[in-house]
Ligand SMILES: Cc1cc2nc3c(=O)[nH]c(=O)nc-3n(C[C@H](O)[C@H](O)[C@H](O)COP(=O)(O)OP(=O)(O)OC[C@H]3O[C@@H](n4cnc5c(N)ncnc54)[C@H](O)[C@@H]3O)c2cc1C
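In the numbering used here, the protein residues as written are 13 to 488.
(1) How would you call residue 136, buried or exposed, if buried means at least 16 neighbouring beta carbons within 10 angstroms?
(2) What is the DSSP secondary structure of residue 491, counted as helix, strand or coil?
(3) Check each candidate in 197, 25 and 20 and name the one with the smallest Cα separation from residue 91.
(4) For residue 471, is the classification buried or exposed, using 16 other Cβ atoms within 10 angstroms of its Cβ as the cut-off for buried?
(5) What is the rounded straight-line gap between the Cα of residue 397 and the Cα of residue 285?
(6) Any chance you could list the alpha helix (DSSP H) runs of at least 4 consecutive residues sitting entirely within the stretch 114-184, in chain order?
(7) Using only the alpha-carbon positions, how far apart do residue 180 and residue 128 sit?
(8) For residue 132, which option in 259, 290 and 388 has the closest C-alpha, if you only look at C-alpha atoms?
(9) Following a CB-centred definition, is residue 48 positioned closer than 7 Å to any heavy atom of ligand 1?
(10) Give the DSSP-derived three-state secondary structure of residue 382 in the structure shown.
(11) Three-state secondary structure (DSSP) at residue 472?
(12) Can you name the residues that DSSP bridges to residue 250?
(13) Let's test the definition: count the other Cβ atoms within 10 Å of the Cβ of residue 453 and tell me whether it reaches 16, buried, or not, exposed.
(14) Which one of 469, 389 and 198 has the shortest CA to CA distance from residue 336?
(15) Which same chain residues end up closer than 6 Å to residue 429 when comparing Cβ atoms and leaving out the 5 residues on each side of it in sequence?
(16) What are the boundary residues of the beta strand (DSSP E) that includes residue 99?
(17) Any contact of the stretch 245-262 with the stretch 312-319, i.e. 3+ C-beta pairs under 8 Å?
(18) Give every residue of the same chain whose Cβ lies closer than 6 Å to the Cβ of residue 295, excluding the five residues on either side of it in the sequence, and list them in chain order.
(19) Which residue's Cα is closest to the Cα of residue 41: 394, 460 and 433?
(20) Mark residue 375 as exposed unless 16 or more other C-beta atoms lie within 10 angstroms of its C-beta, in which case mark it buried.
(21) Among 467, 161, 172 and 340, which has the Cα closest to the Cα of residue 211?
(22) Are there 16 or more other CB atoms within 10 angstroms of the CB of residue 104, so buried, or fewer, so exposed?
(23) Looking at residue 291 and ligand 1, is the gap between the Cβ and the nearest heavy atom below 7 Å?
(24) Any heavy atom of ligand 1 closer than 7 Å to the Cβ of residue 23?
(25) Using a threshold of 8 Å, state whether the C-beta atoms of residue 36 and residue 14 are closer than that.
(26) Distance check for residue 468 and residue 391, CA to CA, integer angstroms please.
(27) Say yes only if the C-beta of residue 380 is nearer than 7 Å to one or more non-hydrogen atoms of ligand 1, and no if none qualify.
(28) Compute every distance between the C-beta of residue 430 and the non-hydrogen atoms of ligand 2, then say whether any falls below 7 Å.
(29) Around the Cβ of residue 485, are there at least 16 other Cβ atoms within 10 angstroms (buried) or fewer (exposed)?
(30) Judging by CA-CA distance, which residue of 298, 245 and 174 is the nearest neighbour of residue 256?
(31) On the three-state DSSP scale, how would you describe residue 283?
(32) Give the single residue among 449, 342 and 187 whose Cα lies nearest to the Cα of residue 243.
(33) Can you find the residues in the same chain that come closer than 8 Å, C-beta to C-beta, to residue 237, ignoring five residues on each side of it along the sequence?
(34) Counting pairs of Cβ atoms below 8 Å between the stretch 57-73 and the stretch 269-281, do you hit three or more?
(35) Look up residue 295 in the DSSP assignment and say whether it is helix, strand or coil.
(36) Do residue 62 and residue 141 have their C-beta atoms within less than 8 Å of each other?
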């Protein structure tokens with residue numbers, strides 16, 4: 013009987029748990045350990061944040077799902093991994109410490125939200141808000157409500173949304189939050205009192221940490237920069253890009269730009285995405301030594317089968333530098349899925365300003381990408397248990413990703429910017445155009461259809477993550 017432990021039940025961990033439970037649950041021992049006792053459907057927190065969706069509609073308890081799949085669940089935090097002796101130490105929610113042995117381990121712990129890297133950032137110790145956890149989103153919703161009350165009394169206020177660190181990622185979520193705020197304020201007749209600003213570390217509008225997109229519309233080429241610019245211009249949204257935010261106080265957001273110039277952006281309400289790091293866990297060998305360097309990089313992300321250390325140009329030219337099976341080279345029974353794996357570099361073009369500040373969007377590992385990796389890792393573990401060898405692989409240079417950024421949640425007058433890219437990481441070998449992407453599959457579209465799609469995704473994904481009938485035919 014194989015023992016499989018999954019740490020984290022987000023997009024990656026939950027997808028892996030579904031496949032593993034389905035294939036091995038009855039005859040093998042599968043355990044999921046998660047910080048929360050519920051699964052949170054993160055994308056819909058954008059709607060919770062603007063007060064358009066009841067938070068209860070975005071999460072469900074994990075235990076009943078795992079019972080169906082014969083998966084053991086521990087509500088707690090993994091604090092240590094002992095790769096030689098093959099066990100993890102988890103601190104359960106009731107304070108009890110548990111030791112769990114494994115034959116295969118999946119680390120799917122997502123990001124550590126490193127607000128501390130930017131002075132004054134974040135809801136706990138700083139002045140800005142976040143939509144990265146449900147608790148943060150509820151705080152944001154409350155603060156945004158107060159902003160609306162002030163706007164309705166005629167106050168003129170500045171709302172700034174974007175990235176709060178020179179190396180932040182997840183621009184798509186921030187963009188969607190901004191466009192939902194715009195729509196919400198417009199509907200309430202409050203928009204004229206609010207100045208909306210997009211503040212970001214991207215090299216250009218529409219970069220989204222993936223080096224932007226280009227599509228062919230007839231003979232014309234449309235870039236994501238032109239696409240997002242037209243949305244912002246049409247909706248009177250200001251933008252400031254190439255900004256590395258390093259400090260925030262009660263009134264100003266301080267940044268350095270690409271040229272090394274220092275400046276600040278005034279705000280009354282700001283939601284800024286922090287730097288993401290890997291979740292801190294101790295890695296200890298059988299002699300009690302710290303073996304972190306064999307398992308994680310400096311940012312705390314799990315080292316996998318990528319080629320690390322390439323110069324940006326060499327990385328851009330080598331699609332095989334991106335991992336395909338997400339397996340740690342030193343401990344092959346440890347896998348990483350979702351945000352937890354260490355990418356070999358950025359997708360966006362890196363930039364270091366004259367003061368030495370690297371203003372480079374980290375590569376996004378979106379929900380779709382995280383789910384795909386969760387499936388690949390799970391299927392390979394199933395292979396290893398049943399046949400002793402792996403047969404599944406998918407690099408980010410082979411993955412398609414769709415990002416649907418809603419602008420309002422209404423099925424009647426809502427709209428959404430739909431961005432489909434293939435592959436996620438440009439592959440200059442297969443697509444030797446300027447972008448390294450298939451310009452026929454890659455797509456940019458805005459309209460009501462996207463709003464329907466986004467609503468459909470909310471329902472179908474929650475259905476899938478609950479492991480309900482037919483979940484396997486719903487793609488990641
Ligand atoms: C507001 C918002 C909107 C978004 N919208 C979209 C979208 O529309 N489309 C899209 O594709 N992507 C979207 N994303 C990105 C998407 O949510 C992430 O890519 C995805 O959640 C990453 O999945 P993951 O499993 O790697 O990490 P997570 O979803 O963060 O899951 C990690 C889990 O591990 C748990 N954990 C952490 N440490 C431990 C530990 N030590 N022990 C036990 N458990 C632990 C965490 O609590 C969490 O439950 C959005 C993100 C945000 C913030």
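Backbone N, C-alpha and C define an ideal beta-carbon position, used for all residues, glycine too.
With the given structure in hand:
(1) Taking the first residue of the chain shown as position 1, residue 136 is located at position 124. Residue 136 should be labelled exposed.
(2) Because residue 491 is not part of the residues shown, which for the chain are 13 to 488, the question remains open.
(3) To locate residue 91, count along the chain shown from 1; it is residue 79. Measuring from the Cα of residue 91, the nearest candidate turns out to be 20.
(4) Here residue 471 corresponds to residue number 459 of the chain shown, with the count starting at 1. The residue is exposed, with fewer than 16 neighbouring Cβ atoms inside 10 Å.
(5) Working through the chain shown from its first residue, we reach residue 397 at position 385. Working through the chain shown from its first residue, we reach residue 285 at position 273. Residue 397 and residue 285: Cα-Cα distance of roughly 39 Å.
(6) For the stretch 114-184, whole alpha helix (DSSP H) runs of length 4 or above, ordered along the chain, are 146-164.
(7) Start at 1 with the first residue of the chain shown, and residue 180 comes out as number 168. Start at 1 with the first residue of the chain shown, and residue 128 comes out as number 116. Those two C-alpha atoms are separated by around 13 Å.
(8) Walking along the chain shown from the start, residue 132 turns up at place 120. Comparing Cα positions, the closest option is 259.
(9) Translated into positions along the chain shown, residue 48 becomes position 36. Yes, Cβ of residue 48 sits closer than 7 Å to a heavy atom of ligand 1.
(10) Taking the first residue of the chain shown as 1, we reach residue 382 at position 370. Here residue 382 carries a helix assignment [DSSP, helix/strand/coil].
(11) Within the chain shown, numbered from 1, the residue matching residue 472 stands at position 460. In this structure, residue 472 counts as helix in the three-state DSSP scheme.
(12) Mapped onto the chain shown, residue 250 falls at position 238. Partner(s): 209.
(13) For the purposes of this step, residue 453 is taken as residue 441 along the chain shown, with counting starting at 1. The residue in question, residue 453, is exposed, as its Cβ has fewer than 16 Cβ neighbours within 10 Å.
(14) To locate residue 336, count along the chain shown from 1; it is residue 324. Nearest option by C-alpha distance: 389.
(15) Here the question's residue 429 lines up with position 417 in the chain shown. By the criterion of a C-beta distance shorter than 6 Å, residue 429 is surrounded in its chain by 417 and 458, once the five residues flanking it on both sides are discounted.
(16) Here residue 99 is taken as the residue at index 87 of the chain shown, counted from 1. Counting along the chain, residue 99 sits inside the beta strand (DSSP E) bounded by residues 99-104.
(17) Taking a cut-off of 8 Å on C-beta distances, the stretch 245-262 does not touch the stretch 312-319, as fewer than three cross pairs fall below it.
(18) Counted from its first residue, the chain shown places residue 295 at position 283. Around residue 295, the same chain offers 93, 303, 304 and 307 as residues with beta carbons nearer than 6 Å, after the five sequence neighbours per side are excluded.
(19) Start at 1 with the first residue of the chain shown, and residue 41 comes out as number 29. Ranking the options by Cα distance to residue 41, first place goes to 394.
(20) Here residue 375 refers to the residue found at position 363 when the chain shown is read from its first residue. Result: buried.
(21) Taking the first residue of the chain shown as position 1, residue 211 is located at position 199. If we check each option's Cα against that of residue 211, 172 comes out closest.
(22) Translated into the one-based positions of the chain shown, residue 104 becomes position 92. Burial call: exposed.
(23) As a working note, residue 291 is residue 279 in the chain shown. Taking the Cβ of residue 291 as the reference point, at least one heavy atom of ligand 1 falls within a distance shorter than 7 Å.
(24) If you number the chain shown from 1, residue 23 lands on position 11. For residue 23, the CB falls within less than 7 Å of some heavy atom of ligand 1.
(25) Position 24 of the chain shown, counting from 1, holds the residue named residue 36. Position 2 of the chain shown, counting from 1, holds the residue named residue 14. Contact: yes.
(26) The sequence position of residue 391 within the chain shown is 379, counting from 1. The sequence position of residue 468 within the chain shown is 456, counting from 1. Taking the straight line from one Cα to the other gives about 27 Å.
(27) On the chain shown, position 368 is the one that residue 380 refers to. With a cutoff of 7 Å, residue 380 counts as near ligand 1, since its C-beta is closer than that to a heavy atom of the ligand.
(28) Absent from the structure shown: ligand 2. Ligands present: ligand 1.
(29) Indexing the chain shown from 1 puts residue 485 at position 473. Sixteen is the threshold: since fewer than 16 other Cβ atoms of the shown chains lie within 10 Å of the Cβ of residue 485, the residue is exposed.
(30) Here residue 256 is taken as the residue at index 244 of the chain shown, counted from 1. Ranking the options by Cα distance to residue 256, first place goes to 174.
(31) Residue 283 sits at position 271 when you count from the first residue of the chain shown. When DSSP states are grouped into helix, strand and coil, residue 283 belongs to the strand group.
(32) Taking the chain shown and counting its residues from 1, the one referred to as residue 243 is at position 231. Of the candidates 449, 342 and 187, the one whose C-alpha sits nearest the C-alpha of residue 243 is 187.
(33) Residue 237 sits at position 225 when you count from the first residue of the chain shown. Taken in chain order, the residues that qualify are 216, 217, 218, 219 and 224.
(34) Below 8 Å, too few C-beta pairs join the stretch 57-73 and the stretch 269-281 to call them touching: fewer than three.
(35) Locating residue 295 in the chain shown gives position 283, counting from the first residue. The three-state reading of DSSP puts residue 295 in strand, counting E and B together.
(36) What you label residue 62 is simply residue 50 of the chain shown in a count that begins at 1. What you label residue 141 is simply residue 129 of the chain shown in a count that begins at 1. No, the pair does not count as a contact, with Cβ atoms beyond the cut-off.
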